[in-house]
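*Asks:* I have a structure I would like to understand better, so I am pasting it below and will then ask my questions one at a time.
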Amino acid sequence: MLISLFIACYNDSLFPETGKAVVTVLERLGHTIEFRQAQTCCGQMHYNTGYYPEAVGIMRHFLDTFKDAEVICVPSASCVAMMRDHYPKMAAGDPVLEAAVAEVLPRVYEFTELLIDKLGVTDVGATYPHTVTLHTPCHSIRALHIGDRPQRLLEAVKGIKLIPLANADQCCGFGGTFAIKNAEVSAAMLNEKMQAIAETGATICTAGDNSCLMHIGGGLSRNNAGVRCVHIAEILASQGTS
Amino acid sequence: MSIHVGEAAEAPDFKKAAHVLLGNKQVRANVRRATETIRNKRANVVGEMPDWEDLRNSAAAIKQNVLRNLDTYLEQFEAACTKAGGKVHWARDADEANRISIGIIQGHQQTEIIKVKTMTSDETRLNVALEAAGITPWETDLADLIIQLGHDKPSHIVVPALHKNKTEIRELFMRTMGLTELGSKPEDLAAAARQYLRERFLRVKVGFSGANFAVAETGSVCVVESEGNGRMCVTLPDVMITMLGIEKIIPSFDDLEVFLQLLPRSATGERMNPYNSIWTGVTPGDGPKEFHVILLDNGRTKVLADGESRETLHCIRCAACLNTCPVYRQTGGHAYGSIYSGPIGAILTPQLQGMEHSQSLPYASSLCGACYEVCPVKINIPEILIHLRRRIVENGDAPQTERIGMNMAAFTFADSKRLGVAQKLVQLGNKPMEAIALPGWSAARDMPVVPKETFREWWAGGRK
Ligand code: SF4
Numbered sequence: 000m001l002i003s004l005f006i007a008c009y010n011d012s013l014f015p016e017t018g019k020a021v022v023t024v025l026e027r028l029g030h031t032i033e034f035r036q037a038q039t040c041c042g043q044m045h046y047n048t049g050y051y052p053e054a055v056g057i058m059r060h061f062l063d064t065f066k067d068a069e070v071i072c073v074p075s076a077s078c079v080a081m082m083r084d085h086y087p088k089m090a091a092g093d094p095v096l097e098a099a100v101a102e103v104l105p106r107v108y109e110f111t112e113l114l115i116d117k118l119g120v121t122d123v124g125a126t127y128p129h130t131v132t133l134h135t136p137c138h139s140i141r142a143l144h145i146g147d148r149p150q151r152l153l154e155a156v157k158g159i160k161l162i163p164l165a166n167a168d169q170c171c172g173f174g175g176t177f178a179i180k181n182a183e184v185s186a187a188m189l190n191e192k193m194q195a196i197a198e199t200g201a202t203i204c205t206a207g208d209n210s211c212l213m214h215i216g217g218g219l220s221r222n223n224a225g226v227r228c229v230h231i232a233e234i235l236a237s238q239g240t241s
Numbered sequence: 000m001s002i003h004v005g006e007a008a009e010a011p012d013f014k015k016a017a018h019v020l021l022g023n024k025q026v027r028a029n030v031r032r033a034t035e036t037i038r039n040k041r042a043n044v045v046g047e048m049p050d051w052e053d054l055r056n057s058a059a060a061i062k063q064n065v066l067r068n069l070d071t072y073l074e075q076f077e078a079a080c081t082k083a084g085g086k087v088h089w090a091r092d093a094d095e096a097n098r099i100s101i102g103i104i105q106g107h108q109q110t111e112i113i114k115v116k117t118m119t120s121d122e123t124r125l126n127v128a129l130e131a132a133g134i135t136p137w138e139t140d141l142a143d144l145i146i147q148l149g150h151d152k153p154s155h156i157v158v159p160a161l162h163k164n165k166t167e168i169r170e171l172f173m174r175t176m177g178l179t180e181l182g183s184k185p186e187d188l189a190a191a192a193r194q195y196l197r198e199r200f201l202r203v204k205v206g207f208s209g210a211n212f213a214v215a216e217t218g219s220v221c222v223v224e225s226e227g228n229g230r231m232c233v234t235l236p237d238v239m240i241t242m243l244g245i246e247k248i249i250p251s252f253d254d255l256e257v258f259l260q261l262l263p264r265s266a267t268g269e270r271m272n273p274y275n276s277i278w279t280g281v282t283p284g285d286g287p288k289e290f291h292v293i294l295l296d297n298g299r300t301k302v303l304a305d306g307e308s309r310e311t312l313h314c315i316r317c318a319a320c321l322n323t324c325p326v327y328r329q330t331g332g333h334a335y336g337s338i339y340s341g342p343i344g345a346i347l348t349p350q351l352q353g354m355e356h357s358q359s360l361p362y363a364s365s366l367c368g369a370c371y372e373v374c375p376v377k378i379n380i381p382e383i384l385i386h387l388r389r390r391i392v393e394n395g396d397a398p399q400t401e402r403i404g405m406n407m408a409a410f411t412f413a414d415s416k417r418l419g420v421a422q423k424l425v426q427l428g429n430k431p432m433e434a435i436a437l438p439g440w441s442a443a444r445d446m447p448v449v450p451k452e453t454f455r456e457w458w459a460g461g462r463k
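Going line by line, the protein sequences match chains A and B. Just so we're aligned, residue 0 is where the first sequence starts under numbering that gives the first Met the number 0, counting upward by one. Just so we're aligned, residue 0 is where the second sequence starts under numbering that gives the first Met the number 0, counting upward by one.
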C-alpha cells in the first residue's frame with residue numbers, strides 16, 4: 000500500500016525521529032511511504048486560539064497537498080482530531096471545500112488507527128526491553144475514541160513491561176497555547192501527571208502525540224526524574240535495546 | 000440596561016486569581032477531595048443507566064426546541080402560571096429583578112426573607128440590594144448559609160462551600176452562631192444549622208427561591224434539593240417569590256421525566272434527589288397565599304442570538320463539568336471570578352456580561368473535552384470556548400504579541416519553503432517561535448533540544 004505521511008509541523012521540526020520511526024514500522028510491514036514536501040500544518044494552533052480565517056487557509060493548503068493521496072498517516076492524535084472535528088464545519092458553505100474535505104477525511108488515519116483498523120496488525124515485530132507506561136492524550140480518547148488500540152499494540156511488543164498509569168485519561172495540562180497563557184495552572188496539572196508517572200516506576204512514558212510528550216518530557220527533564228518520553232511509533236519501530 | 004453577573008466585571012483575570020489560589024494548599028486539597036468523591040459517585044450511577052446516551056440526546060433535543068421557540072413557551076408559561084393564581088414579572092436585567100423583588104417584599108411591610116437554591120439571585124446581587132433596602136436575607140441551604148456566615152463567595156455551582164472542609168465549617172459555626180460546644184461530625188454541623196434556621200423558617204413571612212425547571216404547559220415550577228430546607232422555604236411563608244433565568248423553561252410536565260433522571264445523577268451522584276418540590280400557582284389553604292415568578296433575561300437573549308454558542312443556555316447547573324475539569328481541580332471556583340465557575344462559567348459569564356468583560360475566561364481551559372463528555376445536556380463546551388476566543392480575536396482584543404506570532408505562523412504554514420526557512424532559523428538558534436513561548440513555558444519545563452535536521456531535510460537528503 001502506498002501510504003502518505005503527514006508528519007505534523009512540530010514533529011517535522013522538533014521530533015523527526017518519530018517520523019523516521021513511522022517510516023520504519025510501515026516499511027517493515029511491506030508498505031511504501033511517500034512524503035509530500037509541500038505539507039506544513041493542520042491549522043490546529045490557529046483554530047484553537049481563535050484565528051479562524053488563518054486556520055481555514057492552512058486547511059486549504061493541507062487539502063491541496065493531500066487531495067489525491069490514497070492513505071494518509073498522521074502520528075499525532077490531536078491533528079487528526081482537528082481535521083475530523085473541525086474541517087467539515089470550517090468548509091461548510093463552500094461546495095468546493097466541502098467536497099475536498101469529504102474526499103480527504105476518510106483517508107486520514109492516526110498512526111495506531113492505521114495499524115489496527117486499516118492494516119489489521121497488532122504485532123508489528125518490535126522488541127523493546129523497557130518498563131513503559133502509557134498516557135492517553137485527551138484528543139485520542141475523547142475525539143478519536145482510540146480506545147485500547149495503543150495498549151494492544153504495546154502489549155504485542157517483545158520484552159516490554161507495561162505498567163498502567165493512574166488517571167491516564169486526565170489531561171496533562173498542555174493544551175497548546177494554554178501551557179503559555181496559563182502556564183502556572185498548566186504546570187500544576189503537569190505535576191499531577193508526573194506524580195502518577197513516578198508512581199508507576201517506569202523509565203519510559205509513551206503516547207501517540209508528541210505535543211503532550213513535549214510538555215510532560217519537559218517537566219520530567221526539569222525535575223531530573225529519570226523518565227524519558229518516547230512516541231509510541233519509536234517503541235514500535237525498535238527491534239533492540241535503544 | 001446594565002447587565003452584570005455577580006461581581007465578575009470587577010474580578011481579576013483568571014491567571015492572576017489562579018496564581019493566588021494555586022498557593023492555597025488547604026483549598027486545593029478540599030477541592031480535590033470533594034470533586035473526586037462526587038465524580039466517582041456520578042460515574043457509578045451513570046454507569047448503571049443503559050439509556051444514558053439516549054437521555055442526553057433527548058435532553059439536548061428538548062432544550063434546542065425550547066431555545067428555538069422560547070418566546071412562545073415563555074408566554075405559555077405566563078398564561079398558565081397566571082391562571083393558577085401566580086403573578087409573572089419580567090426583568091430585563093439584574094437591577095430590574097432586584098427592584099421587583101424589593102417592591103414585593105416592601106409591599107407586605109416585611110424586613111426579612113428566607114432564601115433557597117437561587118444562584119440567579121447571586122447573579123443579580125440581590126442580597127446586596129436587599130440589605131441596602133433594609134431587608135435581611137437568610138440563606139437556608141446549608142452550603143449557602145456557610146457562605147453567608149463567612150462573608151465568603153461560592154466556589155461551586157451545586158456545593159457552593161466546597162472549598163471549605165468540616166473543621167473550617169465547625170469553627171465558622173461556633174464563631175458566628177455563638178456556640179461554645181459543637182461536635183465535628185457532619186450530623187453535628189447539620190444539627191447546628193437546623194437549630195439556627197428553624198426559628199427563621201417559622202418566623203419569616205416571605206420565601207425566595209430559584210428554580211431548576213419551569214413547565215410552560217402547566218405554569219409549574221420545580222426545585223430539587225437534598226436537605227428539605229427548600230421544601231420549608233417554599234411551603235411555610237405567606238408570600239413566595241421565585242426568580243429564574245428565562246432559559247429554565249421546559250415545554251411539558253412529561254419532560255421532567257428526562258431531566259429528573261439526568262440532574263441528580265450528574266449533580267450529586269444520587270439516583271433521585273431527596274426532595275423534589277413542584278408547585279403551581281397558589282392553592283387556598285395549602286402553602287403560600289401569594290406566588291410571584293420573576294423571569295430574568297440579564298444577557299440571555301444576547302446569548303440566544305449567537306447560533307454558534309446558543310447551547311450554553313441548555314445548562315441545568317449540575318456542575319458535572321466542574322467536578323471533572325482538570326483546571327477547576329487545581330484552582331477551585333474562585334479563580335473564575337464569577338458565581339458561575341468551571342467550564343460552564345468560562346463560557347457563560349463572558350457571554351452574559353458581554354465580551355469586553357471576563358476576557359481571560361475562554362482561555363482558562365486546555366480544551367481536553369472532559370466537560371463535554373459528562374455534560375447531561377451535551378453542551379460542546381470546548382467548541383464554544385474556541386468560538387469565544389475567535390470573537391475576542393475578531394474584536395481586535397487579542398494581545399499584540401499573540402497576533403503577530405499567529406500571523407507569522409500562518410504566513411509560514413502557507414508555503415513549505417517558508418516553513419523550511421523558519422525551521423533553519425530555529426536550528427541556528429534564532430528560535431523565533433520559541434521566543435514567544437519561552438517565558439511561561441520555561442518556568443516549569445525544559446524545551447526539547449532542537450534537532451540538527453528536520454524530518455523533511457532527512458527525507459530530501461535521501462534518508463541518510
Ligand atoms: S454545562 Fe453541562 S455539565 Fe456543566 S453544569 Fe451545565 S449542564 Fe452540568
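Quick reminder that beta carbons are idealized off the backbone N, C-alpha and C, glycines included. Every value quoted in this text rests on a predicted model; they were computed, and no experiment measured them.
#1: Which residues does DSSP list as the beta-bridge partners of N275 (chain B)?
#2: In the region 54-69 of chain A, which residues sit with their C-beta less than 7 Å from some C-beta in chain B, listed in chain order?
#3: For T217 (chain B), I'd like the list of residues in its chain whose CB is within less than 7 Å of its CB, leaving aside the five on either flank, ordered along the chain.
#4: Is the closest heavy atom of ligand 1 to the C-beta of V45 (chain B) under 7 Å?
#5: For the region 321-336 of chain B and the region 287-294 of chain B, state whether three or more C-beta atom pairs, one from each stretch, are separated by less than 8 Å.
#6: For ligand 1, I want to know if C367 (chain B) counts as a neighbour, meaning its beta carbon is within less than 7 Å of at least one of the ligand's heavy atoms.
#7: Could you tell me if E47 (chain B) is buried or exposed, where buried requires 16 or more neighbouring beta carbons within 10 angstroms of its beta carbon?
#8: Any idea if M0 (chain B) is buried or exposed, counting beta-carbon neighbours within 10 angstroms, 16 or more meaning buried?
#9: Could you list which residues in chain B have their beta carbon closer than 7 Å to that of D11 (chain A), in chain order?
#10: Give the residues of chain B in contact with A206 (chain A), contact being defined as C-beta atoms less than 8 Å apart.
#11: Would you say T348 (chain B) and S359 (chain B) are within 8 Å of each other, going by their C-beta atoms?
#12: Is the region 15-22 of chain B close to the region 334-343 of chain B, with three or more CB pairs under 8 Å?
#13: Put R91 (chain B) into one of helix, strand or coil per three-state DSSP.
#14: Listing by chain order, which chain B residues have their CB less than 7 Å from the CB of A187 (chain A)?
#15: When you compare the region 224-232 of chain A with the region 17-30 of chain A, are there three or more beta-carbon pairs, one atom per stretch, that lie closer than 8 Å?
#16: Closest to I57 (chain A) by C-alpha separation, out of B:I248, B:A413, B:G460, would be which residue?
#17: Would you say the beta carbon of P65 (chain B) is closer than 7 Å to some non-hydrogen atom of ligand 1?
#18: Between C314 (chain B) and ligand 1, is the CB less than 7 Å from at least one heavy atom?
#19: How close, in whole Å, do the beta carbons of L303 (chain B) and L69 (chain B) come, if the pair is a contact with beta carbons under 8 Å?
#20: With 7 Å as the C-beta to C-beta threshold (strictly closer), list the residues of the region 378-389 of chain B near chain A in chain order.
#21: Taking only beta-carbon positions, decide if M354 (chain B) is within less than 8 Å of chain A.
#22: Under 8 Å, Cβ to Cβ, is there at least one residue of chain B near E233 (chain A)?
#23: Would you mind working out which of A:V24, A:F34, A:R151 sits nearest F454 (chain B), comparing C-alpha positions?
#24: Looking at the strands, I want to know which residues DSSP matches up with T157 (chain A).
#25: With DSSP run on the structure shown, which of helix, strand or coil describes M89 (chain A)?
#26: Using a Cβ-Cβ cut-off of 8 Å, state whether D445 (chain B) counts as contacting chain A.
#27: Can you name the start and end residues of the alpha helix (DSSP H) that R227 (chain A) belongs to?
#28: Sort A:K180, A:P105, A:L118 by Cα distance to G29 (chain A) and report the nearest one.
#29: Quick check: is the beta carbon of Q109 (chain B) nearer than 8 Å to any beta carbon in chain D?
#30: What would DSSP say about S208 (chain B), mapped onto helix, strand or coil?
#31: Measure from the alpha carbon of L235 (chain A) to the alpha carbon of each residue in A:T111, A:P94, A:R59, A:D67, then state which is nearest.
#32: Is Q194 (chain B) buried or exposed, if buried means 16 or more other CB atoms sit within 10 Å of its CB?
#33: Short of 6 Å in beta carbon distance, which residues of its chain neighbour G172 (chain A), apart from the five on each side in sequence? Order them along the chain.
#34: Taking 7 Å as the limit between beta carbons, can you name the residues of its chain near I196 (chain A), skipping five residues before and five after?
#35: Going by Cα to Cα distance, which pick from A:S220, A:G200, A:V107, A:L114 is closest to I162 (chain A)?
#36: Whose Cβ in chain B lies nearer than 8 Å to the Cβ of V73 (chain A)?
*Replies:* This is what the structure gives:
#1: Taking the first residue of the second sequence as 1, we reach residue 275 (chain B) at position 276. N275 (chain B) is bridged by DSSP to B:V223.
#2: Here the close residues are G56, I57, H60.
#3: Here residue 217 (chain B) refers to the residue found at position 218 when the second sequence is read from its first residue. Within the same chain, T217 (chain B) has close Cβ partners A79, F252, T279.
#4: Position 46 of the second sequence, counting from 1, holds the residue named residue 45 (chain B). Not so, every heavy atom of ligand 1 lies at least 7 Å from the Cβ.
#5: Too few Cβ pairs lie closer than 8 Å, so no.
#6: Here residue 367 (chain B) is taken as the residue at index 368 of the second sequence, counted from 1. Of the heavy atoms belonging to ligand 1, none sits nearer than 7 Å to the Cβ of C367 (chain B).
#7: Walking along the second sequence from the start, residue 47 (chain B) turns up at place 48. By the C-beta density criterion, E47 (chain B) is exposed, having fewer than 16 other C-beta atoms within 10 angstroms.
#8: Along the second sequence, one-based indexing puts residue 0 (chain B) at 1. Only exposed fits M0 (chain B), as fewer than 16 other CB atoms lie within 10 angstroms of its CB.
#9: Here residue 11 (chain A) is taken as the residue at index 12 of the first sequence, counted from 1. Correct list: T453, F454, R455.
#10: Working through the first sequence from its first residue, we reach residue 206 (chain A) at position 207. Listed along chain B is no residue with a C-beta nearer than 8 Å to that of A206 (chain A); the closest approach is about 14 Å.
#11: Working through the second sequence from its first residue, we reach residue 348 (chain B) at position 349. Working through the second sequence from its first residue, we reach residue 359 (chain B) at position 360. One thing to note: T348 (chain B) has its Cβ no nearer than 8 Å to the Cβ of S359 (chain B).
#12: They touch, by the three-pair rule.
#13: Counted from its first residue, the second sequence places residue 91 (chain B) at position 92. Assignment of R91 (chain B) by DSSP, reduced to helix, strand and coil, places it in the coil class.
#14: Counted from its first residue, the first sequence places residue 187 (chain A) at position 188. In chain order: L21, Q329.
#15: In short, these stretches touch, since the Cβ pair count reaches three.
#16: In the first sequence, counting from the first residue as 1, residue 57 (chain A) sits at position 58. Nearest C-alpha to I57 (chain A) among B:I248, B:A413, B:G460: B:A413.
#17: Along the second sequence, read from residue 1 onward, the residue named residue 65 (chain B) stands at position 66. Here the sequence assigns Val to residue 65 (chain B), which means Pro is not the residue at that position. No.
#18: Along the second sequence, read from residue 1 onward, the residue named residue 314 (chain B) stands at position 315. Yes, the beta carbon of C314 (chain B) sits closer than 7 Å to at least one heavy atom of ligand 1.
#19: Taking the second sequence and counting its residues from 1, the one referred to as residue 303 (chain B) is at position 304. Taking the second sequence and counting its residues from 1, the one referred to as residue 69 (chain B) is at position 70. About 7 Å separates the two Cβ atoms, so the contact holds.
#20: Contact residues of the region 378-389 of chain B toward chain A are I385, R388, R389 (C-beta to C-beta distance below 7 Å).
#21: Walking along the second sequence from the start, residue 354 (chain B) turns up at place 355. False, the Cβ-Cβ gap to chain A never drops below 8 Å.
#22: Within the first sequence, the letter at position 234 stands for residue 233 (chain A). The Cβ of E233 (chain A) sits no closer than 8 Å to any Cβ of chain B.
#23: Counting from one through the second sequence, the residue named residue 454 (chain B) turns up at place 455. Among A:V24, A:F34, A:R151, the Cα nearest to that of F454 (chain B) belongs to A:F34.
#24: Numbered from its first residue, the first sequence carries residue 157 (chain A) at position 158. It should be noted that the sequence gives Lys, not Thr, for residue 157 (chain A). In the DSSP output, where bridge partners are listed per residue, K157 (chain A) has A:T126.
#25: Translated into the one-based positions of the first sequence, residue 89 (chain A) becomes position 90. Under the three-state reduction of DSSP, M89 (chain A) is assigned to helix.
#26: Counted from its first residue, the second sequence places residue 445 (chain B) at position 446. Chain A contact via Cβ: present.
#27: What you label residue 227 (chain A) is simply residue 228 of the first sequence in a count that begins at 1. Run containing R227 (chain A): none in the alpha helix (DSSP H); it sits in the beta strand (DSSP E), 227-230.
#28: The residue you call residue 29 (chain A) lines up with position 30 of the first sequence. Of the candidates A:K180, A:P105, A:L118, the one whose C-alpha sits nearest the C-alpha of G29 (chain A) is A:L118.
#29: Chain labels in this structure do not include chain D; the protein chains are A and B.
#30: Against the second sequence, residue 208 (chain B) aligns to sequence position 209. The three-state reading of DSSP puts S208 (chain B) in strand, counting E and B together.
#31: Here residue 235 (chain A) corresponds to residue number 236 of the first sequence, with the count starting at 1. Among A:T111, A:P94, A:R59, A:D67, the Cα nearest to that of L235 (chain A) belongs to A:T111.
#32: Here the question's residue 194 (chain B) lines up with position 195 in the second sequence. Classification for Q194 (chain B): exposed.
#33: Residue numbering aside, residue 172 (chain A) sits at position 173 when the first sequence is read from its first letter. Within the same chain, and ignoring the five residues on either side of G172 (chain A) in sequence, the residues whose Cβ sits closer than 6 Å to its Cβ are S185, M188, L189.
#34: Sequence index remark: in the first sequence, residue 196 (chain A) carries index 197 (1-based). Closer than 7 Å at the Cβ level, and outside the excluded window around I196 (chain A), lie T132, L164, C204, V226.
#35: Indexing the first sequence from 1 puts residue 162 (chain A) at position 163. Nearest option by C-alpha distance: A:G200.
#36: As a working mapping, residue 73 (chain A) is identified with position 74 in the first sequence. Against chain B, a Cβ distance below 8 Å from V73 (chain A) picks out nothing, because the smallest value is about 13 Å.
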